[in-house]
Amino acid sequence: MDGESSKSTVPAQEGRRRKAAPEPPSVTNQKRLRLDSSASSSTSADTGPSMKLAPIFNRAATAATASASSAPQLRWLPPFGPQSSCHVGIYGNPFPALPLDSKKKLKAAIFDLDGTLVVPKSGKTHPERKDEYDFKFIWSHSLRQVQDEHRIHGRLLIIVTNQGYFKPGMTARQADFKMWQAKQNNIGKALDIPHVVLVATAEDRFRKPAVGMWDAFWSILLNQLHDQNPSSSSSLIESGPSTAKAVKTSAAAKRKAKIPEGALLPPVRLVDIEEQYFDADESFYVGDAAGRTGDHSDVDRKWASNVGVKFFTPEQYFTDKKQDQPFRLSGWAPKRPVDEPVQSASLPLFSPTSTPLIPAAQEERDDDLILFVGPPGAGKTEFYQRHLQPWGYEWVNQDTLHNFDACKRAVKKHLEAGKGCVVDNTNRNKKTRAAYIALAKELNKQVRCFYFDVDQQRAFHNNAFRANSGLDSGRSMIPPFAIQSYYKEREIPTLDEGFSEEPKTLSWQFVETDKEKTRRYYMHYA
C-alpha cells in the first residue's frame with residue numbers, strides 16, 4: 001500500500017490533562033532516579049539538584065557547554081552511535097520524582113523543535129545559523145502552555161528534532177553546530193523547566209521516524225536505574241531483543257562487550273518499558289511534519305505512531321483548531337500482525353503445492369540446485385537459514401563471493417561434490433538464470449526456482465528495518481536504487497526457461513515470536 005489517509009477529531013485540550021500532577025513525594029521517603037553533571041547545579045524546585053549520571057555518561061562537558069555560572073545550563077552528553085550522530089542535552093534535573101517501581105510511571109510531553117515549538121524571529125523559513133538568539137515561540141501563549149505540562153500536569157518535557165544539516169563528517173559546519181547548541185541553551189533558559197533535547201544529525205537509526213533517539217533516552221534512564229538497583233532493569237537492556245540476553249552496565253562488562261565509548265548501548269526493550277515505566281496513555285507528541293497538504297514531511301506523525309503516543313499538530317495543541325486535517329502517509333503502511341495472514345513458523349506459504357518444498361529423499365536433495373529470485377530485503381537469506389540450511393543445502397551468494405563467475409564456480413563445486421545448493425542472489429532476469437540452468441543440465445542435476453513475491457514498498461521497509469531498527473548493528477542500508485533497479489529489470493521466472501518444475505512463488509510474511517522484534521517491525525522507518 002502506498003499510503004494511508006484519515007480524518008479525526010481531537011478531544012478538547014482539557015481531555016489530555018485530566019490528571020493533575022500529584023503532590024511531590026518526600027525526597028527522604030522515596031528512592032529517585034537522578035541525573036547529574038558537574039557543569040551546573042541548582043536548588044530550585046524546577047531544576048532540582050545536580051544530576052548524577054551513570055559511569056558511562058559521567059564525562060567532562062565540552063568547552064562549548066561548560067559554564068562557571070550556577071544558573072542551569074543545557075549539558076550535552078557525549079554523542080551516541082557509530083557516527084556520533086545522536087546528541088542528548090539535559091537541562092536542569094528532569095527526573096527528580098521517578099521512583100524505582102512502576103507505581104508511578106513517567107509521563108512525557110514531547111515536542112518537535114522547528115516549526116512546532118519555535119520559529120525564526122525574523123519570519124524567515126530557516127533560522128540564522130550565526131545567531132544564537134534567532135528564535136521565538138510559535139505563539140505568544142505557547143511558552144506558558146508548555147511550562148504548565150511540567151509544573152501543573154507533571155509531564156517530562158522532551159524535545160525531539162532531526163538536524164540533518166549538521167551531519168557527521170561536515171567539519172566546516174561544526175562551528176554552526178556549536179552555535180545551534182548555544183541557541184538550544186537559550187531556548188532552555190526561556191522554557192525554565194527541566195527537559196531533555198534529543199537531536200539526530202545523520203540518515204541512520206536515530207533520525208525520525210525511526211526510534212533510535214527514543215532508545216537513547218531510555219538507555220540513560222535504565223542505566224541510572226540499573227546502577228542504583230542492579231536487579232530492577234537489567235532485562236530491559238540487551239544485546240538483541242530476539243536473544244533476551246541482558247547486558248550489565250558495569251565498566252568491566254562494557255569493555256568485555258566491546259561497546260565503544262560514545263556509542264549507543266544495546267537496544268532497549270520498548271515493550272517492557274511501556275509495561276513498567278512509561279505511561280503512553282498520558283503522554284503525547286506535537287509536530288508539524290504531519291503528512292498534510294503543504295507539509296514538508298510526515299515523519300512526526302509516524303514517530304508518534306512508532307513510540308505509541310497520541311499525536312497533535314501545533315495547531316491542534318496550541319490553538320482551538322481541534323479538527324485534524326486530512327493527511328497521507330508515504331511508503332509502506334505497517335499493519336499489526338492480526339491484520340496479516342496467519343503463517344506457520346515452520347513452513348512458508350508457497351504455490352504450487354503439487355510438489356514438496358523440500359524433497360523427501362536425500363539423493364534428490366543432493367542433486368538439487370535452487371535459484372532464488374527476489375529483491376533485496378525480501379528475506380531470502382533468512383528463508384535459506386530457516387528452511388534449507390537444516391537440510392544440508394550449501395549457500396552461494398554474490399555479496400560474499402563478489403562476482404558472477406565466482407558464484408558459478410561455487411555452484412559447480414557443490415554439485416560435483418554431491419551437495420545441493422542455493423543461489424541466494426536477486427537473479428532478476430532470464431539471462432542470469434540461464435547460465436545456472438545450463439550448468440545444472442550439464443551436470444545432470446535438477447534445477448528449481450523459488451520466486452519471492454514481495455512488493456516494492458515492503459522491500460523498502462524491510463531494508464530500512466534491518467538497518468535502522470537497532471536490532472542488527474551489522475546491517476547497513478542498501479541504496480534505494482538497488483531495489484528500484486531490481487523491479488525495473490525483473491523478469492518473473494517461468495517453467496519454459498528450463499526449470500525442472502514450475503517455479504514456486506513464496507508469499508513471504510514476517511514470522512517472529514519475540515514481542516520486541518515484532519513491535520519494531522511494525523514501525524515506520526522512512
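According to UniProt numbering, the sequence shown holds residues 1 to 526 in order. For each residue, glycine too, the CB sits at the ideal point set by N, CA and C.
**Request:** Taking only runs that begin and end inside the region 329-417, name each unbroken beta strand (DSSP E) of 3 or more residues, in chain order.
**Result:** 368-373, 394-396
**Request:** For GLY379, collect the residues of the same chain with a Cβ closer than 6 Å to its Cβ; drop the 5 residues on either side in sequence, then sort them by chain order.
**Result:** Taking the first residue of the sequence shown as 1, we reach residue 379 at position 379. Cβ within range, chain order: TRP508.
**Asked** Do you know whose CA, among TYR486, ASP399, GLU512, PHE460, lies nearest HIS524's CA?
**Response** Numbered from its first residue, the sequence shown carries residue 524 at position 524. Considering only alpha carbons, the answer is PHE460.
**Item:** Of the residues GLU502, TYR487, ASP472, the one placed nearest GLN517, counting alpha carbons only
**Value:** Position 517 of the sequence shown, counting from 1, holds the residue named residue 517. It is worth fixing the name first, because residue 517 is Lys in this sequence and not Gln. Taking only the C-alpha atoms, the option nearest LYS517 is ASP472.
**Asked** Which partner residues does ALA200 have in the DSSP bridge list?
**Response** Taking the sequence shown and counting its residues from 1, one reaches residue 200 at position 200. Beta-bridge pairing links ALA200 to CYS86, ASN162.
**Collapsed DSSP secondary structure at THR513 in the structure displayed** = Residue 513 sits at position 513 when you count from the first residue of the sequence shown. Coil.
**Prompt:** With a cut-off of 8 Å, do at least 3 Cβ pairs link the region 183-192 to the region 130-140?
**Reply:** yes
**Message:** What does the alpha-carbon distance come out to for the pair MET170 and MET179?
**Reply:** Along the sequence shown, read from residue 1 onward, the residue named residue 170 stands at position 170. Along the sequence shown, read from residue 1 onward, the residue named residue 179 stands at position 179. In a straight line, the C-alpha of MET170 is about 15 Å away from that of MET179.
**Which of helix, strand or coil DSSP assigns to TYR436** = Counting from 1 along the sequence shown, the entry for residue 436 is found at position 436. Helix, per DSSP.
**Request:** Report yes if the C-beta distance between ASN463 and PRO352 is below 8 Å; otherwise report no.
**Result:** Position 463 of the sequence shown, counting from 1, holds the residue named residue 463. Position 352 of the sequence shown, counting from 1, holds the residue named residue 352. Cβ atoms of ASN463 and PRO352: not closer than 8 Å.
**Asked** Along the chain, where does the beta strand (DSSP E) that runs through VAL423 open and close?
**Response** On the sequence shown, position 423 is the one that residue 423 refers to. Note, VAL423: beta strand (DSSP E), 421-423.
**Asked** Starting from TRP303 and walking both ways along the beta strand (DSSP E), at which residues does that stretch end?
**Response** In the sequence shown, counting from the first residue as 1, residue 303 sits at position 303. First-last for TRP303: 299-307, but that is the alpha helix (DSSP H), not the beta strand (DSSP E).
**Request:** Can you tell me the Cβ-Cβ gap for VAL286 and TYR317, rounded? I've got them flagged as a contact below 8 Å.
**Result:** Taking the sequence shown and counting its residues from 1, one reaches residue 286 at position 286. Taking the sequence shown and counting its residues from 1, one reaches residue 317 at position 317. Yes, they are in contact, since the Cβ atoms of VAL286 and TYR317 sit about 5 Å apart, within 8 Å.
**Item:** Three-state class that DSSP yields for LEU221 in the structure shown
**Value:** Counting from one through the sequence shown, the residue named residue 221 turns up at place 221. Here LEU221 sits in helix by DSSP.
**Message:** Quick check: the region 191-207 against the region 155-163, are at least 3 beta-carbon pairs closer than 8 Å?
**Reply:** yes
**Asked** What three-state label does DSSP hand VAL146 in the structure shown?
**Response** Stepping through the sequence shown from its first residue, residue 146 is reached at position 146. Looking at VAL146 - three-state DSSP - the assignment turns out to be helix.
**Message:** Below 8 Å on the Cβ atoms is my contact criterion, and I expect CYS407 with LEU369 to pass it. Report the Cβ-Cβ distance as a whole number of Å.
**Reply:** Taking the first residue of the sequence shown as 1, we reach residue 407 at position 407. Taking the first residue of the sequence shown as 1, we reach residue 369 at position 369. Not really, about 12 Å apart at Cβ, beyond 8 Å.
**Prompt:** Given a threshold of 16 other Cβ atoms within 10 Å of its Cβ, counted over all protein chains shown, does residue 528 qualify as buried or as exposed?
**Reply:** In this structure the chain extends from 1 to 526, so residue 528 is not present and cannot be described.
**Cβ pair count under 8 Å reaching 3, the region 74-82 against the region 113-131** = no
**Prompt:** Nearest CA to the CA of LYS104: which residue from PHE499, HIS402, GLN276?
**Reply:** Counting from 1 along the sequence shown, the entry for residue 104 is found at position 104. Of PHE499, HIS402, GLN276, the residue nearest in Cα terms is GLN276.
**Item:** For ALA109, the first and last residue of its enclosing beta strand (DSSP E)
**Value:** For the purposes of this step, residue 109 is identified with residue 109 of the sequence shown, where counting begins at 1. Looking at the DSSP string, the run of the beta strand (DSSP E) that includes ALA109 is 108-111.
**Asked** What is the DSSP secondary structure of THR505, counted as helix, strand or coil?
**Response** Sequence index remark: in the sequence shown, residue 505 carries index 505 (1-based). Strand, per DSSP.
**Request:** Quick one: residues in its chain with C-beta nearer than 8 Å to the C-beta of GLU491, no 5 flanking neighbours on either side, listed in chain order?
**Result:** The residue you call residue 491 lines up with position 491 of the sequence shown. The answer, listed in chain order, is ARG428, ASN429, LYS430.
**Message:** Applying the 10 Å Cβ sphere with the 16-neighbour rule, what's the burial state of THR313?
**Reply:** Counting from one through the sequence shown, the residue named residue 313 turns up at place 313. Its Cβ being crowded by 16 or more others within 10 Å, THR313 is buried.
**Local conformation of HIS153 per DSSP, three classes** = Stepping through the sequence shown from its first residue, residue 153 is reached at position 153. In this structure, HIS153 counts as coil in the three-state DSSP scheme.
**Prompt:** Helix, strand or coil for LEU74 per DSSP?
**Reply:** Reading the sequence shown from its first residue, position 74 is the one you call residue 74. Here LEU74 sits in strand by DSSP.
**Request:** State buried or exposed for PHE465, treating a residue as buried only when at least 16 other CB atoms are found within 10 Å of its CB.
**Result:** To locate residue 465, count along the sequence shown from 1; it is residue 465. The residue in question, PHE465, is buried, as its Cβ has 16 or more Cβ neighbours within 10 Å.
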